[in-house]
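Heads up, the thing below is written out as structure tokens.
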Amino acid sequence: MDEQYVRNVIEAGLLAAGRALGLDELGALFAEVERPPPSVIRAGLSALERDYANRALELKETASGVRIQVRREFAAEVSRLWPERPKRYSRALLETLALIAYRQPLTRAEIEAVRGVAVNPDIIRALQERNWVRVVGHRELPGRPELLGTTREFLDYFGLRSVDELPPLAELRALEEIDPQFGLPVDGEGQAAPTESPGDAAAARPAAAAELSDEVGDPDDEPVNAADVGPGVPGLVAVGGNTDY
């Protein structure tokens with residue numbers, strides 16, 4: 406099968422899907438009688454990655470697969486497509502999400518013990534509705550409290566293949582110097598402090614960002630712009646979570 410044709414089909418599929426696709430899904434783009442093996446699809450992905458080396462697009466592997474996205478250095482320019490004021494996340498919500506991501510699985514009481522304040526039920530509900538957090542089990546304690554952990558959708562949204570790709574807390578700087586991939590500053594006791602979260606280009610996800618506004622969380626928390634939360638700039642999403650590509 407012609408290599409250029411395979412590459413073109415993969416590229417077209419990733420652009421049209423608008424989400425991450427795995428190797429099986431990419432293979433299903435081809436007629437059954439001419440379906441290329443996974444090795445050929447991986448070669449096509451590698452070729453696309455080389456093609457995009459000096460362009461505004463890039464291939465990004467996440468937990469669910471590979472996607473095509475706009476490089477985050479062009480986030481400011483692309484965000485002008487959505488001139489409306491972005492929604493904002495509460496710092497309490499982002500701190501809670503960070504604690505779950507770094508210390509999972511843990512209970513609501515354990516989150517409260519670290520934060521030193523009660524967790525607003527709306528925060529957990531909002532994270533669950535966003536499908537970033539789910540119940541992964543129960544602690545063997547009286548009442549069997551729920552254990553919370555992150556989801557595959559959380560990894561996909563923030564452009565991660567696994568939680569192992571979260572940056573070590575010791576490498577993170579002050580809140581003003583947030584790393585665009587998942588900046589979590591460290592407080593004086595080494596605990597995860599509230600922050601803005603991964604990426605600087607969620608302006609490309611206005612509908613998703615609008616789901617978590619500054620109305621969700623502690624009312625006195627300083628809100629964070631939703632445009633500062635997110636991965637590169639999807640819109641073109643791409644394959645195979647945990648493949649050997």
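When we follow my numbering, the leftmost residue of the sequence shown carries the number 406, and every step to the right adds one.
Don't be surprised by glycine CBs; every beta carbon is placed ideally from N, CA and C.
Quick caveat, the model's predicted, so the values are computed rather than measured.
Buried versus exposed call for residue i [16 or more other C-beta atoms within 10 Å across all chains shown]
{"i": "Ser444", "result": "exposed"}
{"i": "Tyr494", "result": "buried"}
{"i": "Pro599", "result": "Unreliable placement is indicated for Pro599, whose pLDDT of 36 sits below 50; the coordinate value is still reported in the next sentence. Looking at its Cβ environment, which holds 16 or more other Cβ atoms inside 10 Å, Pro599 is buried."}
{"i": "Asp562", "result": "In the sequence as presented, Asp is not what sits at residue 562; that position holds Tyr. Tyr562 is buried by the Cβ-count criterion."}
{"i": "Val540", "result": "exposed"}
{"i": "Leu546", "result": "exposed"}
Contact check, residue i vs residue j, beta carbons under 8 Å
{"i": "Arg520", "j": "Glu551", "result": "no"}
{"i": "Gly432", "j": "Pro441", "result": "yes"}
{"i": "Ile415", "j": "Gly470", "result": "no"}
{"i": "Leu565", "j": "Ala468", "result": "yes"}
{"i": "Gly423", "j": "Leu434", "result": "no"}
{"i": "Ala452", "j": "Arg412", "result": "yes"}
Sequence-distant residues of the same chain with beta carbon closer than 7 Å to residue i, five excluded per side
{"i": "Val524", "result": "Thr501, Arg513, Ile516, Glu517"}
{"i": "Ala481", "result": "none"}
{"i": "Asp623", "result": "Per-residue confidence for Asp623 stands at a pLDDT of 49, beneath the threshold of 50, marking its modelled position as unreliable; the derived number appears in the next sentence. For Asp623, where only same-chain residues beyond five positions count, the Cβ hits under 7 Å are Ser495, Ala497, Asn525."}
{"i": "Gln409", "result": "none"}
{"i": "Tyr457", "result": "Glu463, Leu464"}
{"i": "Asn536", "result": "Thr556, Glu558"}
{"i": "Pro510", "result": "Val541, Gly542, Leu552, Leu553, Gly554"}
Chain-order list of residues whose beta-carbon lies under 8 Å from that of residue i (same chain, five-residue window excluded)
{"i": "Val538", "result": "Leu502, Ile505, Ile529, Leu532, Leu553, Gly554, Thr555, Thr556, Phe559"}
{"i": "His543", "result": "Arg549, Pro550, Glu551, Leu552"}
{"i": "Glu454", "result": "Glu463, Leu464"}
Whole-number beta carbon distance between residue j and residue i, since they are thought to touch under 8 Å
{"i": "Glu463", "j": "Arg476", "result": "5 Å"}
{"i": "Arg472", "j": "Ala425", "result": "4 Å"}
{"i": "Met406", "j": "Glu430", "result": "Wrong, their Cβ atoms sit about 18 Å apart, outside the cutoff."}
6 Å Cβ shell around residue i - same chain, five flanking residues per side excluded
{"i": "Ala421", "result": "none"}
{"i": "Val568", "result": "none"}
{"i": "Ala613", "result": "Model confidence at Ala613 stands at a pLDDT of 32, short of 50, so the residue's coordinates are unreliable; what they give is reported in the following sentence. Excluding residues within five positions, none has a Cβ falling inside 6 Å."}
{"i": "Phe479", "result": "Ala461"}
Enumerated in chain order, which unbroken segments of the alpha helix (DSSP H) with a length of 4 residues or greater are wholly contained in the region 414-441? Listed in chain order, the complete alpha helix (DSSP H) runs (minimum 4 residues) inside the region 414-441 are 428-432.
Segments of 3+ residues assigned as beta strand (DSSP E) that fall wholly inside the region 453-534: Scanning the region 453-534 for uninterrupted beta strand (DSSP E) segments of 3 residues or longer gives 462-466, 471-475, 493-495, listed from N- to C-terminal end.
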